[in-house]
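**Q** Going by my numbering, the first residue of the sequence shown is number 10, and it counts up by one from there. Even for Gly, the Cβ is constructed at its ideal location relative to N, Cα and C. Sharing a structure with you now.
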Amino acid sequence: MAAAAAGAAGWRRKRHRDGDDFIGGAEGAPGGDTRPKPSGKKAKRAGSPEPTEDPQGHFGGKPGDLVDKRYEIVSEAGKGTFGRVLLCKDQKHSGRLVALKAVRSIPKYVEAAKLEASIMRDVNRRDVDGQSLCVKYFRSFEWHKHFFIVTEPLGNSLYDYIKANDYRPLPLFCVQAFADQLLTSVAFLHDMRLVHTDLKPENVLLRSRKPLTRTHKLTCTREPTPVLAPASTSIRLIDFGGATFDSGRKSALINTRQYRAPEVILGQGWSMASDLWSVGCILMELYTGRLLFSTHDSHEHLALMECCLGAFPERMRHAGQAAKFFHRSTGGLRYWDSPDKESLAHVTRMRKLEFTVHPRDNVFLAFVRTLLTFDPAERATAAEALNHPFFVSVRGVVAPPVAAPAGGGASTPSVSSDATLRPAAAAKPAAAAKPAEPAAKP
C-alpha cells in the first residue's frame, strides 16, 4: 500500500525543539530564535575591541565586522538557543568562507561549547582520510567574553529540505544516498565508542550551499508531484554538544523526543544502539515526508511504537521503569486505560510499518526494520546496516541470496523503485537480479 501523503493537518510536522542550533547552515537558513533585535550601542567596524551583545548574551557582530582580527562577517547563517552562526571570510586563508559559531556569553553554554569543540577536535584528528562525514572543524577560541567554533560552511539541513518540499516523500534513491552517508558517519563515531545522542534531520546538513532547484524535476512513485532537488546529496553530520563516550557518565534522558529509542523512554539504559533507532526514524521521515512518531508524551509514544512495529519483547515490559508504562499482570500498556479522545484518534491512525512502505520497496522495509528493532541487543549496528542489500546500487555491495516473499512479490531486490529518476552522472552499475528479501514481521 502506498505511503500516505503528508498533507493532512494531523500529520504535519510540529516544531519540537526550541532554538535549533546551526553549524554553518546555508545563508538565509531559518534560525530558532525570533526575539526582536536588541537596541544597544552599535558595534564599531573593522575589529572593534568592544563588540555589542544583546540582553540574552548573543554576540552582536554584524556584516563587515572583524572577529579576532581575522574573520570578516559576511552574513548571519542561523541563530539558536546556544548562539549565532555567522558566515565569514577567513583573512588568513585568502578569504575562504568559514562558519563561525558564536556562543552566548552564558557560562553553561560556554562550557557545553568547549566540550563540543573538544569532541569535534578529537573526531577530526582521527579522521585522517575524511571518512567520518562529520562537519570539518578548524579551531575554537575565546574573544571578548564569547567562545567561538570555526568550521566549514554547509548548506541547509535535511529538515529544511523536507520542509522546502512541503513534507512530501523523497525519491528512494535520495533516501538511499542519505542513509549510506549517515550510517557511515555513525559507524565512524561508534568505532570511537562515541554516541551522538541527538540524531535528527536538523543535525544532518547538505554540503552544498546552493539553493534547492527543480532542475532534475524529480518525482517519487509514491508521490507524483515533482520535488526540489539538492545540487548534491553529499551530507555532513553536525551538533556534538550531547555526544557521550559509551563508557562515560550518561544522562538518563537523551535524543529529541521523536527520535528517542524505546530503551531510553523505559529507563533501561542506553548505548550506541540508541543512535541506530534514531537513524531508522530519520529514514522513515525522509521516505514519507512526515515524522514517524509524532508525539510529545511518553505513554503515547510507546503506544504509537506498538501500533507501528508490534508488541514489545517480554523482557522490556519488566525491566527498568517499565512498571510506569506496562501492567505487570497483563503486560499491556497503561496508555490504553484512559487515553484522551484526541490522543486516541492520533494513535489509532498509526499504520503498521508494512503498510507505510510501498510493496516495491520491500528491501527498504527489511532494512529499516533492522534499525527499528525494540531490543537494542537485536538492533543492527551501523556496520551491519551498511552491508544490507538495500545499498547494492549505492556502493556495489554484493547482496546474498534471499528467499522470495510469501504470497509473491517483486523478483529482484530493487533497492530503488525510483531508480530511473537517478541523474545519469550519479548512476551506478545495475546489480545482478536476485530474489527479493521478505519483509520483516512485526
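Distance, Cα to Cα, L198 vs G250?
**A** 14 Å
**Q** Considering only their Cβ atoms, is the gap separating L214 from L163 smaller than 7 Å?
**A** Yes; because the gap between Cβ atoms is below 7 Å, this pair is in contact.
**Q** On the criterion of 16 or more Cβ atoms from any shown chain inside 10 Å, does S260 qualify as buried, or is it exposed?
**A** exposed
**Q** Classify D175: buried if its beta carbon has 16 or more other beta carbons within 10 angstroms, exposed otherwise.
**A** An exposed status is given to D175, since fewer than 16 other beta-carbon atoms sit within 10 Å of its beta-carbon.
**Q** Count the other C-beta atoms from every protein chain shown that fall within 10 angstroms of the C-beta of T242, then say buried if there are 16 or more, exposed otherwise.
**A** buried
**Q** Given T224, which residues of its chain have a CB within under 6 Å of its CB, disregarding the five upstream and five downstream residues?
**A** Low confidence applies here, because T224 scores a pLDDT of 48, under 50, leaving its location unreliable and the question unanswered by this model.
**Q** Can you list the beta strand (DSSP E) stretches of 3 or more residues lying completely in the segment 256-314, in chain order?
**A** none
**Q** Per DSSP, what kind of secondary structure is T339 in: helix, strand or coil?
**A** In the structure shown, T339 sits in coil (DSSP, three-state: anything other than H, G, I, E or B).
**Q** Would you report the Cα separation of K209 and Y80, rounded to the nearest angstrom?
**A** 30 Å
**Q** Per DSSP, which residues does F68 bridge with? Please list them.
**A** E62
**Q** Which of the three DSSP states, helix, strand or coil, is assigned to S127?
**A** helix
**Q** Rounded to a whole number of angstroms, what is the C-alpha to C-alpha distance between I203 and L179?
**A** The sequence given here has Leu at residue 203, not Ile. If I take the Cα positions, the gap works out to 30 Å.
**Q** With 16 other CB atoms within 10 Å as the buried threshold, where does F91 fall?
**A** buried
**Q** Taking three-plus beta-carbon pairs below 8 Å as touching, is the segment 187-197 in contact with the segment 136-146?
**A** The segment 187-197, when compared against the segment 136-146, does touch it at the 8 Å Cβ threshold.
**Q** What span of residues does the beta strand (DSSP E) with S243 cover, start to end?
**A** No beta strand (DSSP E) contains S243, which DSSP labels as neither H nor E.
**Q** Assuming F157 contacts V76 (C-beta within less than 8 Å), just tell me the rounded distance between them.
**A** 7 Å
**Q** For S127, does the count of other Cβ atoms within 10 angstroms reach 16, so buried, or fall short, so exposed?
**A** Around the beta carbon of S127, fewer than 16 other beta carbons sit within 10 angstroms, so the residue counts as exposed.
**Q** Using the C-alpha atoms, what's the distance from G289 back to G33?
**A** In this prediction, G33 scores a pLDDT of 41, lower than 50, which makes its location untrustworthy; the coordinate-derived value is nonetheless stated afterwards. Rounded to whole angstroms, G33 and G289 show a C-alpha spacing of 25 Å.
**Q** Answer yes or no: do Q267 and G329 have a C-beta to C-beta separation smaller than 7 Å?
**A** no
**Q** Secondary structure at G56, three-state DSSP: helix, strand or coil?
**A** Low per-residue confidence applies at G56: pLDDT is 47, beneath 50, and the placement is therefore not dependable enough to give any value.
**Q** Considering only residues of the same chain and omitting the five flanking positions on each side of S280, which have a CB-CB separation below 8 Å?
**A** V204, D255, P385
**Q** Grab me the residues of Y146's own chain with a C-beta within less than 8 Å of its C-beta, minus the 5 sequence neighbours each way, in chain order.
**A** A126, M129, R130, V132, N133, I158, V159, T160
**Q** Here's the rule: buried if 16 or more other CB atoms are within 10 angstroms of the residue's CB, otherwise exposed. What is T339?
**A** exposed
**Q** List the residues that DSSP assigns as beta-bridge partners of T206.
**A** BP columns for T206 are empty, so no partner.
**Q** Count the CB pairs spanning the segment 107-121 and the segment 228-239 that are closer than 8 Å, and state whether there are at least three.
**A** no
**Q** Would you call R113 buried or exposed, if buried means 16 or more other Cβ atoms sit within 10 Å of its Cβ?
**A** With 16 or more Cβ atoms within 10 Å of its Cβ, R113 is classed as buried.
**Q** So, E211 versus Y168, is the Cβ gap smaller than 7 Å?
**A** yes
**Q** Quickly, what does DSSP pair K333 with across the bridge? List them, please.
**A** Within the DSSP bridge table, the entry for K333 names no partner.
**Q** My understanding is that D99 touches R93, with C-beta atoms under 8 Å, so please give their C-beta distance in whole angstroms.
**A** About 17 Å separates the beta carbon of D99 from that of R93, a gap too long to meet the 8 Å contact definition.
**Q** Taking C-alpha atoms, which residue in M201, W152, K154, H355 lies nearest to R135?
**A** The closest CA to that of R135, considering only M201, W152, K154, H355, is found on M201.
**Q** For the beta strand (DSSP E) containing T160, list its first residue and its last residue.
**A** Looking at the DSSP string, the run of the beta strand (DSSP E) that includes T160 is 155-160.
**Q** Where does the unbroken beta strand (DSSP E) through F150 begin, and where does it stop?
**A** It spans 146-152 - the beta strand (DSSP E) in which F150 sits, taken as one unbroken run.
**Q** Measure the C-alpha to C-alpha separation of I244 and F187 and round it to an integer number of angstroms.
**A** 7 Å
**Q** Taking DSSP as the reference, what is the three-state secondary structure of F91?
**A** coil
**Q** Quick check on W345: buried or exposed, where buried means 16 or more other Cβ atoms within 10 Å of its Cβ?
**A** exposed
**Q** If you draw a straight line from the alpha carbon of K123 to that of T206, how long is it in whole angstroms?
**A** In this structure, the alpha-carbon of K123 lies about 18 Å from that of T206.
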